[in-house]
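Everything below concerns the one structure shown next.
In our numbering, the protein residues as written are 1 to 140.
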């Protein structure tokens, strides 16, 4: 078997492929390249939306954490200002704010149950997945 027949371009005479054969091969290659390009574009679009969704979640979690610390610090400072227990109220309420911030982050990620609801790993995973699905449908 010669090289051109292995490539599918033999016209039966053992010579070079015909124009029609070359044109058919070129059209087939063009279709395959277009399909592959479309698939690559879909993957790139999905990766881009995934990275922005991750950035949005990171911003949300960090703002919840910082809000807990800031609220605890403000309450501690106000308590110290009114009662006159200079650094102790601030220290205690900063620690409480830190704990509240960590708890908010854990609740937002589904690691801890919401108030008044029993915790189950399956329910938490469904909740996190539904938040991701809501975010994906909102991007379109």
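Note that CB positions come from ideal geometry on N, CA and C, so glycine has one too.
Asked: Of the residues 122, 69, 36, 49, which one's Cα is nearest the Cα of residue 93?; Found: 69
Asked: Could you tell me the distance, in whole angstroms, from the CA atom of residue 10 to the CA atom of residue 32?; Found: Confidence in residue 10 is poor, its pLDDT being 49 and thus under 50, which makes the residue's placement unreliable; the coordinate value appears in the next sentence. Rounded to whole angstroms, residue 10 to residue 32 spans 22 Å at the Cα level.
Asked: Could you tell me the alpha carbon to alpha carbon distance between residue 73 and residue 42, rounded to whole angstroms?; Found: 47 Å
Asked: Quick one: using the 10 Å Cβ neighbour count with 16 as the cut-off for buried, is residue 65 buried or exposed?; Found: buried
Asked: Less than 8 Å between the C-beta atoms of residue 95 and residue 80, yes or no?; Found: no
Asked: What is the DSSP secondary structure of residue 84, reduced to helix, strand or coil?; Found: coil
Asked: Do the CB positions of residue 60 and residue 108 come within less than 8 Å of each other?; Found: yes
Asked: How is residue 5 classed by DSSP in three states: helix, strand or coil?; Found: Note on residue 5: pLDDT 47, under 50, position unreliable in the model; the coordinate value appears next. Reduced to three states, the DSSP call for residue 5 is helix.
Asked: Give the DSSP-derived three-state secondary structure of residue 63 in the structure shown.; Found: helix
Asked: Please classify residue 15: is it buried, with 16 or more other beta-carbons within 10 angstroms of its beta-carbon, or exposed?; Found: exposed
Asked: What do you get for residue 84, buried or exposed, if any count of 16 or more other CB atoms within 10 angstroms of its CB means buried?; Found: exposed
Asked: Check whether the Cβ atoms of residue 71 and residue 97 lie closer than 8 Å to each other.; Found: yes
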